[in-house]
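Residue numbers (the working numbering): 13 to 293.
The structure under discussion appears below in the form of structure tokens.
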Ligand code: AMP
């Protein structure tokens with residue numbers, strides 16, 4: 013496995029692959045790898061000749077008071093895990109390589125980035141779409157792999173790819189959870205043992221909501237209220253949002269039906285966790 017930092021170097025390698033008609037699968041990450049990331053690698057390996065993973069903590073998707081500088085980083089451990097799971101190349105550019113002095117260009121997807129995490133984290137998705145666009149231009153993948161864990165991110169990226177006629181397929185992979193149900197996240201390391209225990213309320217309340225809907229509940233307001241009251245029972249939990257939207261366009265719904273996304277963001281201390289379920293009703 014190679015680790016490449018320079019854009020010109022990885023472009024030269026990709027050019028060689030393309031010459032031999034190799035298909036390229038791409039897994040963008042911010043590192044501090046866990047099973048969620050590795051599940052994307054496995055999906056890519058099953059569908060492509062070459063799998064490239066990027067590890068880049070992207071400053072433009074963090075707000076000024078967010079955790080960019082303290083985001084967990086461990087390149088040594090990441091490269092070991094990536095190599096063991098069969099990644100061919102890690103692309104790990106520096107911030108200066110991606111955003112040199114005088115950088116001015118941003119990509120923005122409108123409307124669907126103004127709800128859920130986009131509302132709580134203004135500018136976040138503009139940073140995500142900009143860096144993903146740059147990475148797609150550098151790597152020219154045939155397929156790129158994203159986790160359902162970041163449900164709104166996948167919807168936004170798919171919209172960008174369609175709107176800008178980009179020449180690749182976006183593959184969505186299911187949420188990987190710890191045995192007790194907590195969705196895996198690099199940010200879980202921030203949690204104290206008490207917060208880690210309290211955070212189980214997220215997957216549990218989503219599961220409860222899903223069961224209610226499967227039993228025939230049609231009122232969005234009622235299901236949301238139940239999730240909120242369950243989470244509020246946890247003293248350490250501070251709700252950012254709990255919402256149910258149309259999963260296709262992230263528009264509001266009143267009655268539950270069709271493709272729905274129940275998404276939530278909740279803070280435990282200074283750690284903000286997200287989780288979601290998507291259902292066809
Ligand atoms: P991140 O490093 O957090 O930016 O995540 C990189 C990619 O891994 C994104 O497409 C995430 O949606 C995906 N991912 C993160 N956590 C999980 C998880 N628990 N299950 C599946 N995919 C995940």
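Backbone N, C-alpha and C fix where the C-beta goes; we use that ideal spot for every residue, glycine too.
(request) Return the chain-ordered ranges of every alpha helix (DSSP H) run that is complete within the segment 36-118 and spans a minimum of 4 residues. (result) DSSP runs (the alpha helix (DSSP H)) wholly in the segment 36-118: 47-59, 87-96, 107-110.
(message) Among 53, 292, 111, whose alpha-carbon lies nearest the alpha-carbon of residue 73?
(response) Considering only 53, 292, 111, the residue with the shortest C-alpha distance to residue 73 is 111.
(request) Note down the Cα distance separating residue 106 from residue 285, rounded to an integer number of angstroms. (result) Straight through space, the alpha carbons of residue 285 and residue 106 are spaced by roughly 26 Å.
(request) Can you give me the Cβ contacts of residue 212 inside the same chain, cut-off strictly under 7 Å, excluding the 5 residues immediately before and after it? (result) The answer, listed in chain order, is 192, 193, 194.
(message) Could you check whether residue 157 and residue 52 sit closer than 8 Å to each other, using their CB atoms as the reference points?
(response) For residue 52 and residue 157, yes; Cβs fall inside 8 Å.
(message) Please tell me whether residue 151 has its Cβ less than 8 Å away from any Cβ of chain C.
(response) This model lacks chain C altogether; it includes just one protein chain.
(message) Can you tell me where the alpha helix (DSSP H) holding residue 22 begins and where it ends?
(response) Start and end: 19-31.
(request) Check whether the Cβ atoms of residue 25 and residue 152 lie closer than 8 Å to each other. (result) No, Cβ-Cβ distance for residue 25 and residue 152 is not below 8 Å.
(request) From the DSSP output, in three-state form, read off residue 133 for me. (result) If DSSP states are grouped into helix, strand and coil, residue 133 belongs with coil.
(request) Could you check which residue in 290, 41, 261 has the C-alpha nearest to that of residue 148? (result) Out of 290, 41, 261, 41 has the C-alpha closest to the C-alpha of residue 148.
(request) Say yes only if the C-beta of residue 158 is nearer than 7 Å to one or more non-hydrogen atoms of the ligand AMP, and no if none qualify. (result) Residue 158 Cβ: within cutoff of the ligand AMP.
(message) Quick check on this structure: which residue in 16, 49, 34 has the alpha carbon closest to the alpha carbon of residue 197?
(response) The candidate whose alpha carbon is nearest that of residue 197 is 49.
(request) Kindly list the residues whose CB is nearer than 6 Å to the CB of residue 283, restricted to its own chain and excluding five residues on each side of it in sequence; keep chain order. (result) Once the five neighbours on either side are set aside, the close Cβ partners of residue 283 are 199, 202, 203.
(message) Could you check whether the Cβ of residue 52 sits closer than 7 Å to any heavy atom belonging to the ligand AMP?
(response) Within the cutoff, so yes.
(request) Please work out which residues of its chain come closer than 7 Å, Cβ to Cβ, to residue 47, disregarding the five sequence neighbours upstream and downstream, and give them in chain order. (result) Result list for residue 47: 188, 196, in chain order.
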